[in-house]
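Protein chains in written order, with full-length UniProt numbering: chain C, 1 to 460; chain S, 1 to 460. Every residue gets a Cβ at the ideal spot worked out from N, C-alpha and C, and that includes glycine. The model shown is predicted, which means the values in this text are computed figures rather than measured ones. Inspection log for the structure reproduced underneath, given as structure tokens.
Number of protein chains: 2
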Amino acid sequence: MISYMTVRECYDLISYGTDVEIDSIEYVQLQGWIRTNRKGKNVGFIELNDGTYFRNAQCVYESSLEDADTIAKYNTGTAVTITGKFVLTPEGKQPFEVVLTEVVLEGSCSPEYPLQKKRHSYEYLREIAHLRPRTNSFLAVFRVRSVLSMAIHEFFQNQGFVYVHTPIITGNDAEGAGESFTVTTRSDDKYDKDFFGKHANLTVSGQLHGEAFALAFRDIYTFGPTFRAENSNTRTHASEFWMIEPEIAFADLEDTMVLIEDMVKYCIEYVLENAPEEMKFFNERIDTSLMERLQSLLVSDFKRMTYTEAIEILEAVNDRFETQVSWGSDLQTEHERYLCETVVKGPVFLTDYPENIKAFYMRVNEGGKTVAACDLLVPEVGELVGGSQREERLDVLEARMESMGVHKESLEWYLDLRRYGGVKHAGFGIGFERFLMYITAMANIRDVVPFARTPKNLDY
Amino acid sequence: MISYMTVRECYDLISYGTDVEIDSIEYVQLQGWIRTNRKGKNVGFIELNDGTYFRNAQCVYESSLEDADTIAKYNTGTAVTITGKFVLTPEGKQPFEVVLTEVVLEGSCSPEYPLQKKRHSYEYLREIAHLRPRTNSFLAVFRVRSVLSMAIHEFFQNQGFVYVHTPIITGNDAEGAGESFTVTTRSDDKYDKDFFGKHANLTVSGQLHGEAFALAFRDIYTFGPTFRAENSNTRTHASEFWMIEPEIAFADLEDTMVLIEDMVKYCIEYVLENAPEEMKFFNERIDTSLMERLQSLLVSDFKRMTYTEAIEILEAVNDRFETQVSWGSDLQTEHERYLCETVVKGPVFLTDYPENIKAFYMRVNEGGKTVAACDLLVPEVGELVGGSQREERLDVLEARMESMGVHKESLEWYLDLRRYGGVKHAGFGIGFERFLMYITAMANIRDVVPFARTPKNLDY
């Protein structure tokens, strides 16, 4: 009897299967790509990877096997279907091996294959983005990317939130969130003759559209791509990235902070549970303090501190920092990290920022100097999530748009949401890649995006 | 004791709760928007909707209630928090009502509110896309959109498929899939000086990038936005829509057809189970044959028929059609519907199309005249899904690109996938909105997209 299995199923069987289940497997058939193939005088070894797991299946073939000499010539990267006896090897490095009875060539591989068995730098692997998912690091990164996506959907759907696909092409201004890309079918700037009859650009945020849906459904979330045409070449900037933007009605700043804490913890627990081997890999290969950091976050109560309190604390130690702060300053990562790592010693929400350093839609607090905003700061990273209560008072919102130079004409629909039953509501945004980097300890955003888009870089 | 509930929770309690659970609810607090408010001499009625359900909670207030006169003036659209006694009304139209003890104004509503209590046409509602999610039809449509999204993720993740975010901005050509939008930060066509240093456009499909990941992970799927700059104003065309594009390695055309059938059935069952009231609504209000059609699909075995067989059948009755067909013709909806509705009387996969009417990446069948493509045709709609086995033979693929005028330069990475362990693989694409229209019986794509983008239409 031949059992048709994946490599992951083989490992799972040994880890979680009963003796009876394990004993029932006599012969297995696996399909995958050869990672290494070396043959001695009497016996050869193939490490086979099928993408379901970053660990390989060790396959053994004896010289007596028909075609042994042909098999010995299969290069790294060759695709094969193998059949063989499933043998437990509790003393070996691998828990099992497959003693081959048949190898069928499925796809040959040129000897110029750029992924020969050796360590490659992430910089090098970025240049072969179409092949790098075949390496252990990227098998782990992109599987966790998928698992984390599912965590987000499950978290929100389990609580009845409605998933909204907000538009990618918009006619709204960038809402002060940064430079945006133009979308056109012309090669000049006669936008009135363009496809949409006006200037169009790629969205920088789905929040405003999300608000319209929250004021119908109460609890909604978005999860989609957003774009920034910023000419920044840093390890945290990409021109195209995914954002999650939940929005809740009949809710205030405190409600949104509770939601953020719940979501962050749920997603981390979900990933630890659904990608344990991958997380172990990151902890061993990328950052040995990763697991400790995540576990410590899971048992923390996220603290609250106002921006004003934070500035008082920071001003007392201003000489520690490259950039000195005073009330009204935008905080830099060095300040954010000092606050959560040294002062609070854990995750902390900074709240109630000066109104003039935050977006027009944030609710103005009593006194008018600050807005009901919150940033979640976490050790090692700084800001992970940003949220706010939204300004629901039409007159206050209009005055703020005026003073901040936000054009009202294209946002009349957004103002309507305040004219017609506009209750208090709040929400937040989290950059998916930033969250993924936090969870995997991968240091460069280019290494957590399947095909990264950055200035002057549009390969693939 | 006050129980803080949503309207949906109230209905669910009565439908599924035990007597003890129902009896335990004495007072409830609900938050939502007033749909109607009418007051007689002694008693007033508020229909309250909170977006968690398209049915309302009926709230009753007596003239003796403090503020009864103020409450009576609250317009349709006003947001309120109400508290009151939870009373079962098994004889009434609604299964329960709330006898109010308190009403707190949360957000007032101008009397110009465009959603007064009356039937509005979908055409009219499209002009207030930011408010239409508050109507019963759109509460149902957009909740099902969310539920269907989750169905797709669960179907693939349950089977170990890896979710891949393929890029939205690409430098590849449109691969023959239609006109594409340019993405730029300039107002001229000097693309070498542009943000990415070359011409960039919005993706028309994530398939090619998906193939790179399938040849690493084996089974992957995409679910993201795609774009067409086609100047078509029909009820099925939008410039921005979402696609699902799974790709499986070590797999052929038959494997992909099995996957399509499984996915379509899983998703329909999932929606029927997780949005039963919404589906009942569509069956009552939009198309009374909807439920029968879906149920019939669920119990069908999807048949197979080659394109060549189909043409033979169609040619015999060519006078029935507006467009006559012969071998080599692209089929129109009228032909597709005839085949599944009259000939097969159920869902059917048409396979093995002429090579010159299908995309360059489809695998050439023996003889060279046809390719290993499949379209799933379903009654009432025609084509619902399109798939194919991909050409894994480098020389055949290169020859086909040559003859179809597909530029090789920007697709060298795609050809690499054939150079390095390129096994047989297959996949399909399904337009998310088309699937959603099929499931809800909504007739116009503009009514299943939160904020639709079509030629000359970029409001909101």
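Bridge-paired residues (DSSP) for residue i
i      : result
C/E380 : C/E380 is not bridged to any residue.
S/K220 : According to the sequence as given, residue 220 of chain S is Ile; it is not Lys. Beta-bridge pairing links S/I220 to S/V162, S/E247.
S/Y307 : None, per the DSSP bridge assignment.
S/T342 : DSSP output for S/T342 lists no bridge partner at all.
C/H209 : The partner list for C/H209 (beta bridge, DSSP) is empty, contrary to what the question assumes.
C/L105 : C/V80
S/T182 : C/T184, S/N201
C/V348 : C/K303, C/L377
C/V43  : C/E62
S/F227 : S/E240
C/Y420 : S/C109
C/F428 : C/G387
Collapsed DSSP secondary structure at residue i in the structure displayed
i      : result
S/L394 : helix
C/P276 : helix
C/T256 : helix
S/D447 : helix
S/W413 : helix
S/N318 : helix
C/A214 : helix
S/S124 : In the sequence on display, residue 124 of chain S carries Tyr and not Ser. Of the three classes helix, strand and coil, the one that applies to S/Y124 here is helix, per DSSP.
C/A23  : The identity of residue 23 of chain C in the sequence shown is Asp, whereas the question assumes Ala. C/D23 falls in the helix class under three-state DSSP.
S/Q58  : strand
C/E240 : strand
S/P133 : helix
S/S63  : coil
S/T370 : strand
C/T70  : helix
C/Y438 : helix
S/L48  : strand
C/S296 : helix
S/S289 : coil
Cβ pair residue i, residue j closer than 9 angstroms
i      : j      : result
C/P225 : C/I168 : yes
C/A426 : C/L215 : no
S/E179 : S/R126 : no
C/H165 : S/W242 : yes
S/G84  : S/E102 : yes
C/G346 : C/L297 : yes
S/L314 : S/V348 : no
C/T185 : S/F451 : no
S/D375 : S/Y353 : yes
S/N49  : S/V104 : no
Environment of residue i [buried if 16+ CB atoms lie within 10 Å]
i      : result
C/G421 : buried
S/R320 : exposed
C/Y16  : exposed
C/T135 : buried
S/N330 : The identity of residue 330 of chain S in the sequence shown is Asp, whereas the question assumes Asn. Looking at its Cβ environment, which holds fewer than 16 other Cβ atoms inside 10 Å, S/D330 is exposed.
S/E312 : exposed
C/T256 : buried
C/Q116 : exposed
S/A249 : buried
S/T123 : The question names Thr, but residue 123 of chain S in the sequence shown is Glu. The residue in question, S/E123, is exposed, as its Cβ has fewer than 16 Cβ neighbours within 10 Å.
S/D262 : exposed
C/Q295 : exposed
S/R446 : buried
C/G32  : buried
S/M1   : exposed
S/G328 : exposed
S/K424 : buried
S/E380 : exposed
Residue i at chain A interface by Cβ criterion, 9 angstroms
i      : result
C/F282 : The structure shown contains no chain A; its protein chains are C and S.
- Query: Three or more beta-carbon pairs under 8 angstroms between the stretch 430-449 of chain S and the stretch 279-294 of chain S, yes or no?
  - Reply: yes
Fill in: Inter-stretch contact (C-beta, 8 angstroms, three-pair minimum) for the stretch 295-309 of chain C and the stretch 187-207 of chain C
no
- Task: Take every Cβ of the stretch 355-374 of chain S, pair it with every Cβ of the stretch 384-396 of chain S, and state whether three or more of those distances are shorter than 8 angstroms.
- Result: Contact between the stretch 355-374 of chain S and the stretch 384-396 of chain S is present, because at least three Cβ pairs lie under 8 angstroms.
Is the stretch 264-274 of chain C in contact with the stretch 140-160 of chain C, if contact means three or more CB pairs nearer than 8 angstroms? yes
**Prompt:** Quick one: any contact between the stretch 67-74 of chain C and the stretch 23-31 of chain C, if contact means 3 or more CB pairs under 8 angstroms?
**Reply:** no
**OP:** Mind the definition here: the stretch 40-49 of chain C touches the stretch 59-66 of chain C only if three or more C-beta pairs lie below 8 angstroms; say whether that holds.
**Re:** yes
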